[in-house]
Amino acid sequence: MASGRSSGMWAVVPVKRLTSAKARLTAVLGDGRPDFALAMARHVIRTLIDSNRFAGVLVVTGDDEVAVAARSLGAMVVDERDGGLNGAMTAGIAAARAAGARHVALVPADLALLDVATIDRIVAAYDNGSGVLIVPCSRGDGTNFMLMPADAAIMPAFGPDSFSRHRKAAPGATVLIDPVAGLDVDTPIDLATAAARLAGSDGDLATLLAGHEAAALLAADPAGLMAAATALRDTGHGDVVTYSPKVFLPLTMLCRDVCHYCTFAKTPRKLASPYMTVDEVVAIAEQGAAMGCREALFTLGEKPELRYAAARDWLDANGFASTVDYVAHVAAAVRDRTGLLPHINAGCMTDDELAALRPVSASMGLMLETIADRLSEPGGPHHGSPDKVPAARLAAIEAAGRQAVPFTSGLLIGIGETRAERIEALAALRALHLRYGHLQEIIVQNFMPKPGTKMASAPPADAEELLWTIAVARLMLGPDMSVQAPPNLAPTDLPRLIAAGINDWGGVSPLTPDHVNPEAPWPEIDRLRVATAAAGKTLAERLTIYPAFASDAERWIDPAMRRPVLEHSDGSGRGREGNWRAGRSSDMAPVARGGVAVRGRISEMVDAALTGQAASFDVGDIAALFDARGADYHLVCEAADDLRARTVGDVATYVVNRNINYTNICTYRCNFCAFSKGNRKAAGNEAAYLLDLAEIAARVTEARDRGGTEVCLQGGIHPSFTGETYLEIVRAVKRVDPTMHVHAFSPLEISHGASTLDMALPDYLALLREEGLGSLPGTAAEILHDPVRDILCPDKLSSREWLEVIGTAHEQGLRTTATIMFGHVDDYRDWAIHLIALRDLQARTGGFTEFVPLAFVAHEAPIYRRGGARPGPSAREAVLMHAVSRLTLGFENIQASWVKMGQEGMRAALRAGANDLGGTLMNESITRAAGATHGQEMTATDMRAMAASLGRTPVRRTTLYGRADVAEDCVAAE
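Numbering (my numbering), first residue to last: 422 to 1395.
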């Protein structure tokens, strides 16, 4: 039973006479309307009772059959025959009050998806709110659920436009958008949507819906289908439409099948060789890689050795048992010699053949094409093609599921099948996906007649058939499935395909033709970007393996393919744009705009950030900002730059400082760290070392003599270090120069020092401050989300412990910086969680001076060299980290790290919200150990030149962002 505000709540369910129920579904249900309406009512009543959230469930009806069913389920029944829906609601409220109800939930009887978890969400939202709660229907015009005090003076106003009427009657009502409670079944599209959502489920209602799904889809209004498909697609994929930059590799054009529409398959006498050689394939793949391709698409004829002696002889002569055996050999060569990710379409394969190809491919595919056996009969397009028999293709697709292969399938429409057969084919694919979860995309490809084939005079699939099938595929397969239509075959304007529900254009090659449809060239990427923008979407690269599969590598990616997939991935799991590398690349290519910014979620969040509302952003909001691409990317960066100008003006600050890393010996073994060494001489470029106090003092003296106002001291956790060590280091600095600002010790070092002296954190920090510690670097943060820390640094501080040290420092009057080290095994949600943790702590203490994004420098990092991490963030991601942090954190200062970003990257960051150039550093070594090549020092002259190049006034600062009181012409500082 519920507690809190909803304690004493009754549910009221009105049910009209079954003979008059669901009139708009007559074309679908026929005489089955009463049974269907009763099944939904029973489902709703049973779910309400099972939720244990209500003191009672009260059914208001004038139908005797409904009354019997309701009582059998344990509901109370009120007889109401003439009052209509709102009269029934009013009578139910009165009866509930008479039974002692303090609150009522008004619930329609046709919520086919309603489940206990949804009821829990709704009641919890009511408990946390005040007054009335309304759940609108998915169309936004009706009310599907309303919770209110039983004595509220609100008359039920259900029916057309009920949502607006209820909002007017209760202007302070909480509105909860819920995709489950929002679906009431009134129309064929509603029924089809519910059937798709419950596909594979047990229960009488799910079975009943499945039996009517095809009829509902066939009866649905096409425009309504497309609108529903668009909404579903937007739920799953937002404002992004993807494509895969690829090379098309026709390894062999020999095929044992004789499809009546195909020009790809050739006979041996028309080919110079039965198969392409390894060198020929690799040469094309290398050209594609140089042009930015990431996918190597292997498409070939099926089992040619079973038909042609020339194929058998070639394979025998070259030492291969079968075509699939040769595919595995060539795909491995492409993977190893070019880095491209093979996607293999090798026809119907067995479990063993799929298992052989899994280590050399990121994904595979096989079009089902059709489920109509009659198309394989004499006169049909698949007659004489044993591999096109639907049962054989379904068996191969199922085998791919058993082998955990990320898989592509789909339909070829317009070859003689009916709409009903397309629905049946999609249902068969869905059933396999529900069982194995392996279908990552469904292609809806339209038939185009080709000269010289038996179907040359057959009509092409027209635009309306293509659009209808795309929409049906989206409704049947749901919001998350990728639905694709090839842009080079489109019989209509490309934006119409997006409006029908696709989210992907498939593979597009800047180099090779579509060998299956050579008469239809690929659109240029710029044209595709413009067409996508015209539909209100942003074009983005993807990999041949989709993000949901790439992020679950243990299940879906063979160990031999994990490194190549990570090498091409960005933080979303899509393809990384360009080849920029943190710490090493000197150039940074601009991100394409791709048309005007979409007036959608990104622009709304930008507006909110610029009007001081970023504190309300949740993880999903901030993650979406990190996924901004094209024009949205530029919108985010420009807004961040605007906020930077409003916050700090057109200045660029810097500090003259020196890094002193006093030891690289560390008892911790962080998987990302290339700086730390053991006690023995390191195998790498730098031996283990430990600076004594005299050497530290000498370096402080040199920093002072060169005009430095700060020394930044950090190091590994040396096995001999205690809390006294850090106190001695501070004393050594202050003996040399009492005015030198000591910016020192990571939270890990602070925690270690306090524990070795058995001191509480506040006491140890107070002692350090008394000795002269001026501030703390907020390093060792990495990503403040423990699942990521468990991979990167499992024995270091937890996220909570890091925040505790920093928060305690603030309470002791010690300011700190904040950092993030990103672009390795993390994703955008991890970044968002990190920023929110910093935002919340800053709101509580105000102790952060600046935020410093530290792009992961992968080159020498152990986890990267082992193939366990991405190669750092892309250029887009690195710049966005500065922009998003400016928009969301509420920090006054955002620093661009020249060590990580390089000078061009710094300029981009400074145009995207950053205002601080960091420190001159003098002897930066940690990033250099990870493989960075941007040098060990950036002089004050360099800093001023950087600021001037952007029209900013250079300002030399102190550690705590005061103006440095030193002569700017100090030669040593230059």
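Idealized CB from N, CA, C, for every residue including glycine.
No experiment lies behind these values; they were computed from the predicted model shown.
Residue environment, residue i, which counts as buried when at least 16 other CB atoms sit within 10 Å
| i | result |
| --- | --- |
| Gln1034 | exposed |
| Asn473 | exposed |
| Pro435 | buried |
| Pro671 | buried |
| Glu798 | exposed |
| Ser784 | buried |
| Val662 | buried |
| Pro872 | exposed |
| Ser1318 | buried |
| Leu833 | buried |
| Gly489 | What sits at residue 489 in the sequence shown is Val, not Gly. So Val489 counts as exposed. |
| Val480 | buried |
| Gly1105 | The predicted model places Gly1105 with a pLDDT of 47, which falls under 50 and marks its position as unreliable, so this point remains unresolved. |
| Lys691 | exposed |
| Thr1160 | exposed |
| Gly505 | exposed |
| Arg467 | buried |
Span separating the alpha-carbon of residue i from that of residue j
| i | j | result |
| --- | --- | --- |
| Ile470 | Val487 | 16 Å |
| Glu790 | Asn507 | 50 Å |
| Ala1299 | Leu1134 | 26 Å |
| Pro1283 | Phe1093 | 6 Å |
| Ala591 | Thr656 | 29 Å |
| Ile1138 | Pro1215 | 15 Å |
| Val1278 | Arg795 | 59 Å |
| Gly994 | Gly593 | 41 Å |
| Leu439 | Phe457 | 9 Å |
| Pro939 | Thr673 | 16 Å |
| Thr1074 | Arg1125 | 20 Å |
| Val1392 | Arg1005 | Confidence at Val1392 is low in this model, with a pLDDT of 37, below 50, so the placement of that residue should be treated as unreliable; the coordinate-derived value is given next. Spanning the two alpha carbons is a distance of roughly 29 Å. |
| Met567 | Ala512 | 15 Å |
| Ala460 | Ala1029 | 45 Å |
| Thr1177 | Ser1141 | 11 Å |
| Ile836 | Asp991 | 39 Å |
| Tyr1147 | Val1057 | 42 Å |
| Pro880 | Ala911 | 15 Å |
Cβ-based neighbour list, residue i, same chain, cut-off 6 Å, excluding 5 preceding and 5 following
| i | result |
| --- | --- |
| Ala1230 | Leu1186, Leu1197, Thr1237 |
| Lys1102 | With a pLDDT of 39 at Lys1102, under the threshold of 50, the predicted position of this residue should be treated as unreliable, and no value is reported. |
| Ala448 | Ala640 |
| Ser1346 | Since pLDDT at Ser1346 reaches only 49, below the 50 mark, its modelled position is unreliable, and no value is offered. |
| His1055 | Arg1014 |
Contact set for residue i: own chain, Cβ-Cβ below 7 Å, skip 5 residues either direction
| i | result |
| --- | --- |
| Asn1100 | Legend: pLDDT at Asn1100 = 40, less than 50; position of this residue unreliable, value from coordinates given subsequently. The residues are Ile1086, Ala1109. |
| Asp1062 | Arg1332, Ala1333, Gly1334 |
| Ile514 | Val433, Val525, Ala571 |
| Glu726 | Ala732, Arg733, Leu736, Ser743, Thr744 |
Beta-carbon proximity of residue i to residue j, cut-off 8 Å
| i | j | result |
| --- | --- | --- |
| Ala1413 | Pro695 | Any answer about residue 1413 is impossible in this case: the structure gives the chain only from 422 up to 1395. |
| Thr953 | Leu964 | no |
| Val703 | Ala754 | yes |
| Gly831 | Val810 | no |
| Arg654 | Asp599 | no |
| Ile923 | Val904 | yes |
| Val1012 | Arg1307 | no |
| Asn565 | Val556 | yes |
| Val1132 | Arg1190 | no |
| Pro577 | Leu446 | no |
| Val465 | Ala530 | yes |
| Leu554 | Ala546 | yes |
| Arg1377 | Ala1366 | no |
| Val1077 | Thr1341 | yes |
| Leu932 | Cys714 | yes |
| Val1320 | Ala1290 | no |
| Ala1276 | Ala1010 | no |
8 Å CB neighbourhood of residue i in its chain, flanking five on each side removed
| i | result |
| --- | --- |
| Ile844 | Glu634, Ala635, Leu638, Leu639, Val893, Met897 |
| Gly1267 | His1231 |
Jot down the residue ranges of each uninterrupted alpha helix (DSSP H) in the stretch 791-825, minimum 4 residues, whole runs only, in chain order. 811-823
Restricting to runs no shorter than 4 residues, where is the alpha helix (DSSP H) found entirely within the stretch 684-766? 699-711, 730-738, 744-759
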